[in-house]
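Engineer: This structure is in structure tokens; I'll ask about it shortly.
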Amino acid sequence: MDTTVIVPTYNEGANAAALVGRLAAALHGRSAEILFVDDSTDDTPEEIARVAAHAGLPVRLIHRGAGERVGGLSGAVTAGISASRGDFVVVMDGDLQHPPEMVPELRDAAEGVDLAVASRYRGGGDASGLSNVYRRVISSGSTAVARACFPRRVGRVCTDPMTGFFCLRRAAVDPSALRPRGFKILLEILARHDLRVRELPFTFGERAAGESKASWRNGFRFLRQVLSLRLGRVSRFAVVGALGTVVNLAVMALLISGPLPVNYVVAAVIAAEVSILHNFLLQERFVFRDMSAGAHGRARRLAQHLVFNNAEALVRLPFLVLLVEIVHLWPILAQALTLALAFLIRFRFMSRVVYRPRRQQPAPAPLRETVEV
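Numbering of the sequence shown is given in our numbering, commencing with residue -18 and proceeding in unit increments.
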């Protein structure tokens, strides 16, 4: 098959008939299918099935239940890419703001490159279909941030990394390399791959039915996505580790120089326990959050974290004593040196053991089997 059109939907059944009809007309004579990846909580799946029974081209449906909606809209698109049968994949919204008649043009533009993007900011493109001035400002501001943060892979090749309307050559993108979150999947694809990109201008239409997926929560997800892509996991782990080191040294200094001074070895042990718990909480939230869904439960992760880091602290302790008693370093400086030396070992253990996917559960979380409708 040549083309799979992926349509992520959320409570947008009212648009299904018009969307499928227009796509069938636009793709007449082409080898193509429509794949709905649906996260709806209403009767949208039933409506898609009803429309598909009389469609002019094959229609498939993946409905993700309440426990399967990993990664939001981006996760839906990633699931669709993995399940696609076409050599080329077109991604578009289900609210008719992306004109179905442009799909063949977008597919043809992807010939000879890796990715064809329908841009609201290229040539005669138009973003006036955004519902209000606030959304237009947010969209243009997010675009500027994304292009500035990734000048080579994004800024140089794409004027609209926030668009949800594009066509990619399936072999050029590795779904397993994506870490879907929120609803800006194109930015994720661009930032994680070196792609040849061609852009086409398009006019972003008015919403026909359904609700916008944009929200303040997705705004925070976008910021976290940019930071994650820009910094990388090791960098975020380093930031958390640096904060943990500050906590460790601060607690140790307070115990050594407080009103009731504590021996530096005892102070080091107490400081280690405080920083170990501190680091686990921040790593769960900011470093390994995307890996936690496929890993063992939080209680087990915490137990592994405590066991390893306490063992590591015990190994460091003789070196601390050596640096203080033999080399005559200041205890706080000696503690800082031992923490720095242990950084890479800690990262490797956390990423390879604590957040390792369970053997019986592939990552990302499994979806329901694709069904023909």
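Every residue gets a Cβ at the ideal spot worked out from N, C-alpha and C, and that includes glycine.
Which word fits I43, buried or exposed, when buried means at least 16 other C-beta atoms lie within 10 angstroms of its C-beta?
Structural biologist: Against the sequence shown, residue 43 aligns to sequence position 62. So I43 ends up on the buried side.
Engineer: Does D24 come out as helix, strand or coil in the three-state DSSP assignment?
Structural biologist: Taking the sequence shown and counting its residues from 1, the one referred to as residue 24 is at position 43. Correct three-state label for D24: coil.
Engineer: Less than 8 Å between the C-beta atoms of I15 and V(-14), yes or no?
Structural biologist: Counting from one through the sequence shown, the residue named residue 15 turns up at place 34. Counting from one through the sequence shown, the residue named residue -14 turns up at place 5. Yes; because the gap between Cβ atoms is below 8 Å, this pair is in contact.
Engineer: Taking the beta carbon of G37 as the centre, do at least 16 other beta carbons fall within 10 Å, making it buried, or is it exposed?
Structural biologist: In the sequence shown, the residue the question calls residue 37 occupies position 56. Its Cβ having fewer than 16 others within 10 Å, G37 is exposed.
Engineer: Give the secondary structure of A30 by DSSP, where H, G and I count as helix, E and B as strand, and everything else as coil.
Structural biologist: Working through the sequence shown from its first residue, we reach residue 30 at position 49. Note: A30 maps to helix in three-state DSSP.
Engineer: Taking the beta strand (DSSP E) that S100 belongs to, which residues open and close that run?
Structural biologist: Translated into positions along the sequence shown, residue 100 becomes position 119. Segment 96 to 100, the beta strand (DSSP E) holding S100.
Engineer: With DSSP run on the structure shown, which of helix, strand or coil describes D74?
Structural biologist: As a position in the sequence shown, residue 74 is number 93, starting the count at 1. Looking at D74 - three-state DSSP - the assignment turns out to be coil, as it is neither helix nor strand.
Engineer: Would you tell me roughly how many angstroms separate the C-alpha atoms of R337 and V250, rounded to the nearest one?
Structural biologist: Residue numbering aside, residue 337 sits at position 356 when the sequence shown is read from its first letter. Residue numbering aside, residue 250 sits at position 269 when the sequence shown is read from its first letter. Looking at the two C-alpha atoms, the distance is approximately 28 Å.
Engineer: In terms of alpha-carbon separation, which member of V178, V334, Q316, R31 lies closest to R282?
Structural biologist: Within the sequence shown, the letter at position 301 stands for residue 282. Residue V334 is the option with its Cα nearest to R282.
Engineer: In terms of DSSP beta bridges, what is R150 paired with?
Structural biologist: By 1-based counting over the sequence shown, the position of residue 150 is 169. Answer is F69, bridged to R150.
Engineer: Excluding the five sequence neighbours on either side, which residues of its own chain have a C-beta within less than 6 Å of the C-beta of R134, listed in chain order?
Structural biologist: In the sequence shown, the residue the question calls residue 134 occupies position 153. Cβ neighbours of R134 beyond the five flanking positions: L171, A172.
Engineer: Distance check for A(-5) and E28, CA to CA, integer angstroms please.
Structural biologist: Taking the first residue of the sequence shown as 1, we reach residue 28 at position 47. Taking the first residue of the sequence shown as 1, we reach residue -5 at position 14. In a straight line, the C-alpha of E28 is about 8 Å away from that of A(-5).
Engineer: Who are the near neighbours of F69 in its chain, counting only those whose CB is closer than 8 Å to its CB and skipping five residues on each side?
Structural biologist: Looking up residue 69 in the sequence shown gives position 88. Hits under 8 Å: D(-17), T(-16), T(-15), R88, A91, C148, L149, R150, R151.
Engineer: Bridge partners of R179, per DSSP?
Structural biologist: What you label residue 179 is simply residue 198 of the sequence shown in a count that begins at 1. The partner list for R179 (beta bridge, DSSP) reads A97.
Engineer: In three-state DSSP terms, what is A91?
Structural biologist: As a position in the sequence shown, residue 91 is number 110, starting the count at 1. Coil, per DSSP.
Engineer: Please work out which residues of its chain come closer than 8 Å, Cβ to Cβ, to H174, disregarding the five sequence neighbours upstream and downstream, and give them in chain order.
Structural biologist: Position 193 of the sequence shown, counted from the first residue, corresponds to residue 174. Within the same chain, H174 has close Cβ partners D95, R134, A153, V154, D155, A158.
Engineer: Would you kindly report the start and end of the unbroken alpha helix (DSSP H) that includes T144?
Structural biologist: On the sequence shown, position 163 is the one that residue 144 refers to. Counting along the chain, T144 falls outside any alpha helix (DSSP H), and DSSP gives it neither H nor E.
Engineer: Is I307 helix, strand or coil when you go by DSSP?
Structural biologist: Taking the sequence shown and counting its residues from 1, the one referred to as residue 307 is at position 326. Correct three-state label for I307: coil.
Engineer: State the DSSP-derived secondary structure class of V135, mapped to helix, strand or coil.
Structural biologist: Taking the sequence shown and counting its residues from 1, the one referred to as residue 135 is at position 154. Note: V135 maps to helix in three-state DSSP.
Engineer: Using only the alpha-carbon positions, how far apart do W311 and A64 sit?
Structural biologist: Numbered from its first residue, the sequence shown carries residue 311 at position 330. Numbered from its first residue, the sequence shown carries residue 64 at position 83. Distance between the alpha carbons of W311 and A64: 59 Å.
Engineer: With a CB to CB cut of under 8 Å and the five nearest residues on each side skipped, what residues in its chain are close to L236?
Structural biologist: As a position in the sequence shown, residue 236 is number 255, starting the count at 1. These residues qualify, in order along the chain: P242, V243, V247, A248, I251, A252.
Engineer: For the beta strand (DSSP E) containing P(-11), list its first residue and its last residue.
Structural biologist: Locating residue -11 in the sequence shown gives position 8, where the first residue counts as 1. Element bounds for P(-11): -16 to -10.
Engineer: Given this structure, state the Cα-to-Cα distance separating Y102 from E169, to the nearest angstrom.
Structural biologist: As a working note, residue 102 is residue 121 in the sequence shown. As a working note, residue 169 is residue 188 in the sequence shown. If I take the Cα positions, the gap works out to 19 Å.
Engineer: DSSP three-state call for V18: helix, strand or coil?
Structural biologist: Residue numbering aside, residue 18 sits at position 37 when the sequence shown is read from its first letter. If DSSP states are grouped into helix, strand and coil, V18 belongs with the strands.
Engineer: Measuring alpha carbon to alpha carbon, tell me which residue in T124, E254, G122, Q264 is nearest R217.
Structural biologist: Sequence index remark: in the sequence shown, residue 217 carries index 236 (1-based). Out of T124, E254, G122, Q264, Q264 has the C-alpha closest to the C-alpha of R217.
Engineer: Quick check on DSSP: helix, strand or coil for V40?
Structural biologist: Numbered from 1 along the sequence shown, position 59 holds the residue referred to as residue 40. DSSP places V40 in strand when its eight states are reduced to three.
Engineer: Pull up the distance between the alpha-carbon of L8 and that of G278, whole angstroms please.
Structural biologist: Within the sequence shown, residue 8 is the residue found at index 27, counting from 1. Within the sequence shown, residue 278 is the residue found at index 297, counting from 1. The straight-line gap from Cα to Cα measures roughly 46 Å.
Engineer: For T144, which residues in the same chain have their Cβ closer than 7 Å to its Cβ, ignoring the five residues on either side in sequence?
Structural biologist: Position 163 of the sequence shown holds residue 144. So the list reads V98, A99, S100, R101, L167, once near-sequence residues are dropped.
Engineer: Tell me which residues share the same chain as M83 and place their Cβ nearer than 7 Å to its Cβ, disregarding the 5 neighbours each side in the sequence.
Structural biologist: One-based indexing of the sequence shown puts residue 83 at position 102. Taken in chain order, the residues that qualify are A99, F183.
Engineer: Can you list, in chain order, the residues of its chain with a C-beta nearer than 6 Å to that of F146? Leave out the 5 residues immediately preceding and following it.
Structural biologist: Residue numbering aside, residue 146 sits at position 165 when the sequence shown is read from its first letter. Closer than 6 Å at the Cβ level, and outside the excluded window around F146, lie M73, H79, A99.
Engineer: Which whole-angstrom value is the C-beta distance of A60 and V18, which I expect to be below 8 Å?
Structural biologist: Residue mapping note: residue 60 aligns to position 79 of the sequence shown, counting from 1. Residue mapping note: residue 18 aligns to position 37 of the sequence shown, counting from 1. A60 to V18, Cβ: 5 Å. Contact.
Engineer: Can you tell me which of F269, S256, V308 puts its alpha carbon nearest to the alpha carbon of A294?
Structural biologist: Taking the sequence shown and counting its residues from 1, one reaches residue 294 at position 313. Minimum Cα distance to A294 is reached at S256.
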